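Novice: In my numbering, the protein residues as written are 1 to 386. Ideal placement from N, C-alpha and C gives every residue a C-beta, glycine not left out. Small disclaimer: the values here were computed from a predicted structure and weren't measured.
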Amino acid sequence: MIASAWNNLELWVLPVLVGLGCTLYTWGLFKAFREKKQILKIVPTPLNERLWVCIPARNEAQRLPATVDSLLTETCPHLSVVVVDDNSEDETSQWVLKKAQKDPRLGLFRNAAESAGKPGAMAAWVASLKSSHADMPSEILFLDADMQVQPGFLGGLLKVMRDHDADALSGVPKLICKSFWEALLVPAIAALAAALYPPSGLDRKGFLNGQVILIRTAALQKAGGWSSVANEVLEDVALAQRLVDTGSQIRLVDFQQVCATRMYNNFSEIMNGFAKNFSALNQGAAKGLWMALFGLVISTAPWVFSIASLMGPQDALPALLALVWVCLMQTMTRQQMGLPVWPVIFVPITAVGVLLIAVKSAYHVLAHKPLRWRGREVVLSDRSTS
C-alpha cells in the first residue's frame with residue numbers, strides 16, 4: 001500500500017507540482033522585470049534645503065552610531081537629525097547627547113512612557129514639533145536606527161519626491177546578511193513583501209517600509225498621523241493604506257546603491273522579528289500559514305522529484321531539466337532584486353525556515369500570547385491595516 005502511494009506520488013503528484021512550480025517561478029521572474037520598471041531611480045545629490053530626519057530608537061546604542069555618523073557626513077547646515085529615544089534601557093540617550101555636543105544638528109527627544117512604541121514615539125515627536133511653534137518642515141524622513149546611508153542620499157531622495165510629485169517615498173535598502181540564516185531568510189521575507197505589495201498596485205493597496213519613509217507633513221496629517229496607527233503591528237503598512245485612502249500618492253525607490261541595513265544579527269532575532277510581523281503582513285495567521293506551506297511544497301517538489309527519478313527506473317532527465325529551470329528562474333529573479341544567488345541551492349531549507357516563522361507567528365496570534373521584542377511584550381494580531 002505504501003509502495004502504491006509512493007508510485008502515485010512519483011507518477012502524478014510530483015510532476016504536477018513541479019510543473020506548477022516551473023510556471024510560478026517563470027511568472028515570478030516576468031513580474032520582477034515588470035515591477036522593477038515601476039521603481040524610481042535615485043541619483044545622489046547634495047542636500048541644499050531644510051530637512052528633518054527622525055530616528056526612533058529603543059536600546060540601539062550599538063547600532064545607532066553608524067546611522068547617525070552616515071547622516072552627519074552631509075555638510076548641509078539645514079539638516080536636523082532627531083533621535084527619538086523610546087524609553088531605552090541602554091546608553092542610547094547618553095551617546096546622542098555626547099555626540100550632539102560635537103554637532104548641533106543632532107538632537108534628542110525622550111518619549112514619554114504613556115506613548116511607548118515606535119508609532120507612538122514618532123507621533124509624540126511630531127506633536128512636540130507642532131507645539132514648539134517652529135515652522136513645520138514640508139517633509140520629514142523617518143529612518144530606522146540600523147540604516148547607513150551614502151553621501152547624496154538625502155538630497156537625492158528629496159529630488160525624487162519633487163520630480164515625481166509624490167506624497168511619500170519608501171523602498172527596500174540593500175540587505176546586509178553576514179550569517180547563513182540571514183542570507184536565506186531575510187531576503188525571502190523581503191521578496192514575500194514585494195510579492196504581496198507590488199509597486200504597480202500601490203494606488204489600491206498601500207505599502208511603506210518603515211526602515212525608510214520620506215513623507216510630506218501635509219499628507220501625514222491628512223492620513224491621521226502616526227497616532228492613528230499606534231495600535232497596529234505593521235504601523236508602516238497601516239499608515240500607507242491610510243495615505244492611499246486619503247488620496248496621497250506613494251512611490252517606491254531603488255535604494256540598493258544608496259543605503260543599507262543589517263536587520264538582524266542572529267537566528268533568534270530573525271525568528272522573533274519576522275514572527276512579529278508575518279501574520280499581519282499576510283493579512284491573517286491562517287493565510288500566512290497557507291502561504292508558507294504552499295511555498296514549502298512548491299520549492300521542494302523539484303528537488304524531491306529529481307532525487308526520486310535518479311533513484312527510480314524511469315528517465316531522470318525531465319526531472320533534472322525542471323530542477324535546472326526552476327533554479328535558473330530563481331537565480332535571475334534574485335539578480336533582479338540585487339540579491340546574492342548562492343542561496344538558490346538552499347531554497348528547500350529557506351522554505352522550512354519561513355514555515356517555522358509562520359507557525360511561530362500564528363501561535364502568538366491565535367494563543368493571544370505576547371511576543372517579547374526589544375525588551376517589550378508585543379501583542380500580535382492579524383491586522384495589517386486600520
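1. Reducing DSSP to helix, strand and coil, say where leucine 366 ends up.
2. Spell out whether any CB of chain C is found under 9 Å from the CB atom of alanine 358.
3. Contact defined as beta carbons within less than 8 Å: I believe threonine 391 pairs with glycine 156. What is the distance between those atoms, to the nearest angstrom?
4. Taking C-alpha atoms, which residue in Gln335, Val258, Gly375 and Thr350 lies nearest to serine 70?
5. How big is the Cα-Cα spacing for alanine 193 and glycine 288?
6. Relative to the C-alpha of proline 199, which residue among Gly284, Thr26 and Leu40 is closest?
7. Given a cut-off of 9 Å, decide if alanine 124 and asparagine 111 are closer than it, judged by their beta-carbon atoms.
8. Let me know the secondary structure DSSP gives proline 44 once reduced to three states.
9. Quick one: which unbroken beta strand (DSSP E) runs of 3-plus residues sit fully inside the stretch 139-215? Chain order, please.
10. Out of Val344, Lys31, Pro318 and Ala351, which one is the CA nearest neighbour of phenylalanine 305?
11. To the nearest angstrom, how far is it from the Cα of valine 344 to the Cα of serine 361?
12. Give the straight-line distance between the Cα atoms of arginine 162 and valine 16, rounded to the nearest whole angstrom.
13. Would you tell me roughly how many angstroms separate the C-alpha atoms of threonine 261 and leucine 184, rounded to the nearest one?
14. Am I right that methionine 147 and glutamine 62 are in contact with their C-beta atoms under 8 Å? What's the rounded C-beta distance?
15. So aspartate 141 and valine 53 are supposed to be a Cβ contact under 8 Å. How far apart are they, rounded?
16. Which of helix, strand or coil does DSSP assign to glycine 107?
17. Can you name the residues that DSSP bridges to glutamate 377?
18. Mind listing, in chain order, the continuous alpha helix (DSSP H) runs of no fewer than 4 residues lying wholly within the stretch 211-277?
19. Are the stretch 20-37 and the stretch 320-335 touching, with three or more C-beta to C-beta distances below 8 Å?
20. If you scan the stretch 21-105 from start to end, which runs of the beta strand (DSSP E) of 3 or more residues do you find wholly inside it?
21. Report the rounded CA-to-CA distance for glutamate 235 versus phenylalanine 30, giving the unit in angstroms.
22. Using DSSP with H/G/I as helix, E/B as strand and the rest coil, what is methionine 332?
23. Would you decide whether phenylalanine 180 is buried or exposed? Buried here means 16 or more other CB atoms lie within 10 Å of its CB.
24. Return the CA-CA distance between serine 378 and valine 354, expressed in angstroms with no decimal places.
25. In this structure, how does DSSP classify threonine 385 when only helix, strand and coil are distinguished?
26. Could you say which of Asp245, Ala166 and Pro340 lies nearest to lysine 178 if we only look at CA atoms?
27. On the criterion of 16 or more Cβ atoms from any shown chain inside 10 Å, does leucine 201 qualify as buried, or is it exposed?
28. Comparing alpha-carbon positions, which option in Val186, Val244, Gln150 and Val237 lies nearest phenylalanine 207?
29. Measuring straight from C-alpha to C-alpha, what distance separates leucine 239 and leucine 97?
30. Going by the beta-carbon positions, is the gap between alanine 188 and leucine 64 smaller than 9 Å?
31. At which residues does the alpha helix (DSSP H) containing proline 340 begin and terminate?
Specialist: If we stick to the structure as given:
1. helix
2. Reference to chain C is not applicable here, since this structure consists of a single protein chain.
3. The shown model of the chain, from 1 to 386, leaves out residue 391, and the question about it has no answer.
4. Val258
5. 12 Å
6. Leu40
7. yes
8. coil
9. 139-143, 147-149, 168-170 and 173-175
10. Pro318
11. 25 Å
12. 49 Å
13. 16 Å
14. With 8 Å as the limit, methionine 147 and glutamine 62 do not qualify as a contact, their Cβ atoms being about 14 Å apart.
15. The sequence given here has leucine at residue 141, not aspartate. Contact holds; Cβ gap of about 5 Å.
16. strand
17. Arg372
18. 217-222 and 235-245
19. yes
20. 51-57 and 79-85
21. 30 Å
22. helix
23. exposed
24. According to the sequence shown, residue 378 is valine rather than serine. If you take the alpha carbons of valine 378 and valine 354, they lie about 20 Å apart.
25. Note that threonine 385 scores 41 on pLDDT, short of 50, meaning its location in the model is unreliable and no value can be drawn from it.
26. Pro340
27. The question names leucine, yet the displayed sequence has glycine at residue 201. Its Cβ having fewer than 16 others within 10 Å, glycine 201 is exposed.
28. Val237
29. 31 Å
30. no
31. Neither: proline 340 is in no alpha helix (DSSP H) and is coded neither H nor E.
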